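Residue numbers (my numbering), protein chains in the order written: chain D, 88 to 948; chain L, 6 to 44.
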Amino acid sequence: MNEKTALHPALSISGASCQGCVRKILGALEPLTGSADQVEVNLEEQTVALPDGIDTGEAARIVTEAGYPASPLGASSATEAGSGGDHCHSDKVQEQAEAGHTHEHKEDKAESAGDGEQIHLAVTGATCASCVNTIEKALKSVDGITGAHMNLADNTATATGQADPRALIRAVESSGYGASVIEDPDAADDRKQEEDRKQYKTLLVKMAISLGLGLGLMIWGMGFNTMMVTSDNQMIWFTLGILTLGVMVATGGHFFTGAWKAFRHHNANMDTLIALGTGTAWVYSIVVTSIPDALPEMARHVYFEASAMIIGLINLGQALELRAKGKTSEAVRRLLDLRAKTARVIRNGEEQDLPVEQVEAGDHIRVRPGESLPVDGEITEGNTRIDESMLTGEPMPVSKGAGDEVSAGTLNTHGSIIYKATRVGSETALAQIIRLVKKAQGSKPAIGRLADKISSVFVPTVMLIAVVSALVWYNVGPEPAAVHMMVAATTVLIIACPCALGLATPMSVMVGVGKAAEYGALIRQGDALQTAGKLDLVILDKTGTITEGHPAVTRFHAPDDNTGRLLALAAGLEQHSEHPLAEAIMAKAKDEDASPDKVTGFEALNGKGVKGELDGQPVRLGNRRWLESEGLDLAELQQEADAITSEAGTPLFLALGNEAVGVIGVADAVKQDSEDAIRRLHDAGIRVMMVTGDVDATAKAIAQKTGIDDYRAEVLPEDKATIVSEMRGKGYTVAMVGDGINDAPALAAADVGFAIGTGTDVAIESAGITLMRGSLHGVADAIEISRATVRNIHQNLFGAFIYNSMGIPVAAGLLYPLWGMLMSPILAGAAMSLSSVTVVTNANRLRLFRTSNNAGKEGNE
Amino acid sequence: MSTLLVNAGGLILMAAIVWWFWLSPSEGSKPDNDHSHHH
Numbered sequence: 088m089n090e091k092t093a094l095h096p097a098l099s100i101s102g103a104s105c106q107g108c109v110r111k112i113l114g115a116l117e118p119l120t121g122s123a124d125q126v127e128v129n130l131e132e133q134t135v136a137l138p139d140g141i142d143t144g145e146a147a148r149i150v151t152e153a154g155y156p157a158s159p160l161g162a163s164s165a166t167e168a169g170s171g172g173d174h175c176h177s178d179k180v181q182e183q184a185e186a187g188h189t190h191e192h193k194e195d196k197a198e199s200a201g202d203g204e205q206i207h208l209a210v211t212g213a214t215c216a217s218c219v220n221t222i223e224k225a226l227k228s229v230d231g232i233t234g235a236h237m238n239l240a241d242n243t244a245t246a247t248g249q250a251d252p253r254a255l256i257r258a259v260e261s262s263g264y265g266a267s268v269i270e271d272p273d274a275a276d277d278r279k280q281e282e283d284r285k286q287y288k289t290l291l292v293k294m295a296i297s298l299g300l301g302l303g304l305m306i307w308g309m310g311f312n313t314m315m316v317t318s319d320n321q322m323i324w325f326t327l328g329i330l331t332l333g334v335m336v337a338t339g340g341h342f343f344t345g346a347w348k349a350f351r352h353h354n355a356n357m358d359t360l361i362a363l364g365t366g367t368a369w370v371y372s373i374v375v376t377s378i379p380d381a382l383p384e385m386a387r388h389v390y391f392e393a394s395a396m397i398i399g400l401i402n403l404g405q406a407l408e409l410r411a412k413g414k415t416s417e418a419v420r421r422l423l424d425l426r427a428k429t430a431r432v433i434r435n436g437e438e439q440d441l442p443v444e445q446v447e448a449g450d451h452i453r454v455r456p457g458e459s460l461p462v463d464g465e466i467t468e469g470n471t472r473i474d475e476s477m478l479t480g481e482p483m484p485v486s487k488g489a490g491d492e493v494s495a496g497t498l499n500t501h502g503s504i505i506y507k508a509t510r511v512g513s514e515t516a517l518a519q520i521i522r523l524v525k526k527a528q529g530s531k532p533a534i535g536r537l538a539d540k541i542s543s544v545f546v547p548t549v550m551l552i553a554v555v556s557a558l559v560w561y562n563v564g565p566e567p568a569a570v571h572m573m574v575a576a577t578t579v580l581i582i583a584c585p586c587a588l589g590l591a592t593p594m595s596v597m598v599g600v601g602k603a604a605e606y607g608a609l610i611r612q613g614d615a616l617q618t619a620g621k622l623d624l625v626i627l628d629k630t631g632t633i634t635e636g637h638p639a640v641t642r643f644h645a646p647d648d649n650t651g652r653l654l655a656l657a658a659g660l661e662q663h664s665e666h667p668l669a670e671a672i673m674a675k676a677k678d679e680d681a682s683p684d685k686v687t688g689f690e691a692l693n694g695k696g697v698k699g700e701l702d703g704q705p706v707r708l709g710n711r712r713w714l715e716s717e718g719l720d721l722a723e724l725q726q727e728a729d730a731i732t733s734e735a736g737t738p739l740f741l742a743l744g745n746e747a748v749g750v751i752g753v754a755d756a757v758k759q760d761s762e763d764a765i766r767r768l769h770d771a772g773i774r775v776m777m778v779t780g781d782v783d784a785t786a787k788a789i790a791q792k793t794g795i796d797d798y799r800a801e802v803l804p805e806d807k808a809t810i811v812s813e814m815r816g817k818g819y820t821v822a823m824v825g826d827g828i829n830d831a832p833a834l835a836a837a838d839v840g841f842a843i844g845t846g847t848d849v850a851i852e853s854a855g856i857t858l859m860r861g862s863l864h865g866v867a868d869a870i871e872i873s874r875a876t877v878r879n880i881h882q883n884l885f886g887a888f889i890y891n892s893m894g895i896p897v898a899a900g901l902l903y904p905l906w907g908m909l910m911s912p913i914l915a916g917a918a919m920s921l922s923s924v925t926v927v928t929n930a931n932r933l934r935l936f937r938t939s940n941n942a943g944k945e946g947n948e
Numbered sequence: 006m007s008t009l010l011v012n013a014g015g016l017i018l019m020a021a022i023v024w025w026f027w028l029s030p031s032e033g034s035k036p037d038n039d040h041s042h043h044h
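What follows is the structure in structure tokens.
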């Protein structure tokens, strides 16, 4: 190599992973730099180094045009992991994902680290996986765009990066599709629903016209005339041919324009196959009717009815598909419907009903029983019970009083409250949940990217197969060879449409993510949904995950069974203390309706307990060592104290004067349903492990109580991630369940991180899945839903692949030598439509799925 | 003669498909299959 001038990394690229890619980039940049030696491509870091003085903006444009999305370093360093979907790099990403690596986190980070704002587009005209690829590629080719993603299930595309939306629209339009910017996603939903309804009707009308003509021709041709052109009916058939052309243009014109636009860009999609298939049949027939003498008599068969009927059947399939697609987004619609339209705002002492958009943070809002809460806030007056099931999946209404946080979309079931708005509009938990669910619904798991990749090579391959089968029929087939050639080629083209393949994954993902949201599990990434199904080890954080996270009274015992007096005395003492243990005792006393005695002279003794006086008698509450040293006999309470210790609790003894009144056990109580949830995980064949900073004895007691297989005690928070990595190293596919803050590194290190949310904290970055309520049942639910979704995707993909791999040979005429059977192109059209309808219907079946914990859902239905 | 023409036509058509969808470059948006030779 020649002596080089100093090179500096100047561009960040994505999608390059082999020497072929390097050569291509070097070649593309050569005109700019003068020599390929003046450029260095670092595949590992995905950067391009250039000599000083080169216009990096221009270089980025050139490299992007060469097929590797690039941006000048410093201007934008985002390299979107999934970009360059057609390149070797994405294969690697995919392989990693399939090998169980957690690249979803990396993608997350890439996305959030990118200067990338996201631009959402509504796309029209996309029908299959090839369209998805074409559109994603067109978007990525726009300057400043670092990543693009198209969701066929709801026909939206998301581009990440800095670019003029008009340039994005132009890029999509130039590749043969329509696009418009989605300014307000909520309004867009309503608009889309309206448009879908219109399109559904239009498709049905088109279907009726083309199918009507096709059937009419068939009945007339077979019943009253002949499908063969003779000198008698030549003129009639010619006229009917022109009529058919008119109907084809009117009802199937979009297939032809779509095919042409794709063709111009060296792409092929479902439109290409339909246009070629029906076009071939029509051209053949019009040749037969125009110059019948050019063909042998046996070959003078017309197929006008096939052209018309295929278009009719495909229109019918698309109409049915459109209607079924609408149902898959039901989960989001249900969330959208939770939003209250108006709020009763108290301003300057006056109550007024205002549209919810006009509510500002700091406003006081009155909510009466039976009303939904319009925004997030904090209760200032009143007590009530709030039904949060729609957000958290928690079936029981939760008691709330002054100082408690409440969320928009929840239902006030009981009392009238006034609360102060803290988060309004797009800031509310509900709005964040809707955004998150939509984003996840649109994301593509690795398995879906594989299907897209396959179908992008698929269409041109099918065209080759069609030509090959036509030639085989011509050379070795029986007479009339021309007819057989045409029928075989047309049928192959029609039956091979990859539309079912393109729908298989996104449809199931949409339903699965929505279903999980119903159960209070928010899935952030399609990949998390896929990986959750493969988990075989769940690592649980103890505090706040298995347990409540704060001390509570677990047992109390008085030798004379006067527990009321025990609690009243203890509360009388503890009401003066602010220790967490005191809070636990006060809460228990309140629950049991024991009003605190009037204890005076309160004193806290560090390491011993607390003491005070009641009616001149000393009252003492504390540990055994202290009370025994004070000369009290606690033998009577020994058995109960042992039971408390064995359950990882702390016994507190209470004495009035010189008499032991009772013992109270305080512990960070295991959540009521933790044991059940862990059993469900076991039933699903998953090993459960606990990590905790607690001492071994406590950890052991909790592990035994809840049936946990294995535990690690005295673990420092920062070591949790190491344990996760260690278990992954042993070959487990690991889920980490913990809170989103302290456990963030461990969550990110796991194959799937589950963040236990509090119901409002939904945007936990480090976790693949956020659980809206604190129950571990959410983990089991998410895993069950994930398994069901992945199973559903497999069924869909299997169906689509089997259908194509069996359909094509049959269409090519493989059964002809055996049984003399050659499939009709009309049948191929019907089968093709049926295949997409089957896929969509199968995905919708997932909507009926219920997890094994039905109890958790009762409140929702 | 016609056999020769039809077969030659078919082969040319196949070559054209391969060239258009796999081999020929296009402005800005390469076909998906561009990198299929790597796999």
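Built from N, CA and C at the ideal position, the CB exists for glycine as well. As the structure is a prediction and not an experimental result, all values here were calculated from the model.
At least one CB of chain D lies nearer than 8 Å to the CB of L:Leu18. The DSSP-derived three-state label of D:Phe936 is coil. Checking the DSSP bridge columns, you'll see D:Tyr506 partnered with D:Ile452, D:Ile466. Assignment of alpha helix (DSSP H) within the stretch 875–899 of chain D, counting only whole runs of 4 or more residues, yields no such run. If the five residues before and after D:Tyr903 are omitted, its C-beta is found closer than 6 Å to the C-beta atoms of Leu909, all from its own chain and listed in chain order.
In this structure the stretch 729–747 of chain D touches the stretch 639–646 of chain D; the number of beta carbon pairs closer than 8 Å is three or more.
Between D:Gly502 and D:Gly469, the CB-CB gap stays under 8 Å. Beta bridge pairing from DSSP links D:Gly825 with D:Ala842. Annotation: the continuous alpha helix (DSSP H) that includes D:Val336 extends over 321–351. Within the stretch 95–153 of chain D, the runs of beta strand (DSSP E) at least 3 residues long that lie entirely inside it are, in chain order, 127–129, 134–138. The bridge partners DSSP lists for D:Arg434 are D:Glu437.
Look at D:His571: its C-beta is not under 8 Å from any C-beta on chain L.
In terms of Cα proximity to D:Arg522, the closest of D:Ile870, D:Lys685, D:Gln205 is D:Gln205.
Beta-bridge partners of D:Ile751 (DSSP): D:Phe643, D:Leu739. Straight-line measurement puts the Cα of D:Val753 at about 14 Å from the Cα of D:Ala788. Where D:Gly659 is concerned, the enclosing alpha helix (DSSP H) starts and stops at 650–661. Of all C-beta pairs linking the stretch 305–325 of chain D to the stretch 417–427 of chain D, fewer than three are shorter than 8 Å, placing the two stretches out of contact.
Among the residues of chain L, none has a CB under 9 Å from the CB of D:Val150; the nearest is roughly 12 Å distant.
Contact between the stretch 564–581 of chain D and the stretch 911–930 of chain D is present: three or more C-beta pairs spanning the two stretches fall below 8 Å. Runs of the alpha helix (DSSP H) lying entirely within the stretch 208–251 of chain D and spanning at least 4 residues, in chain order: 216–227. One alpha carbon belongs to D:Ala225, the other to L:Ile17, and they sit about 29 Å apart. The C-alpha of D:Val897 lies about 9 Å from the C-alpha of D:Ala575.
Against chain L, the beta carbon of D:His236 has no neighbour under 8 Å; the closest one sits roughly 15 Å away. Ranking D:Leu654, D:Glu223, D:Asp614 by CA distance to the CA of D:Lys685 puts D:Leu654 first. If you look at D:Met777, you'll find it in the beta strand (DSSP E) that goes 774–778.
Identification of chain L residues near D:Met550 by a Cβ-Cβ cut-off of 9 Å yields Leu18, Met19, Ile22, Phe26, ordered along the chain. The beta-carbon of D:Val554 is placed less than 8 Å from the nearest beta-carbon of chain L.
Within 7 Å of the CB of D:Leu558, the CB atoms of chain L belong to Asn12, Gly15, in sequence order along the chain. Between the beta-carbon of D:Ala533 and that of D:Ala869 there is about 18 Å, and that puts the pair past the 8 Å contact cut. When the beta-carbon positions are compared, D:Ile149 and D:Leu119 come within less than 8 Å of each other. For D:Tyr561, the chain L residues whose Cβ falls inside 7 Å of its Cβ are Val11, in order along the chain.
Here the stretch 454–473 of chain D makes contact with the stretch 429–445 of chain D; the two share three or more CB pairs at distances below 8 Å. Sequence-distant partners of D:His388 (beyond 5 residues in either direction) whose C-beta falls short of 6 Å from its own C-beta, in its chain, are Met314, Met315, Val570. Among the CB atoms of chain L, one or more fall inside 8 Å of the CB of D:Ala355. Contact annotation: D:Val268 and D:Asn242 have beta-carbon atoms that are not nearer than 8 Å. Taking 8 Å as the threshold, the shortest C-beta distance from D:Pro547 to chain L falls below it.
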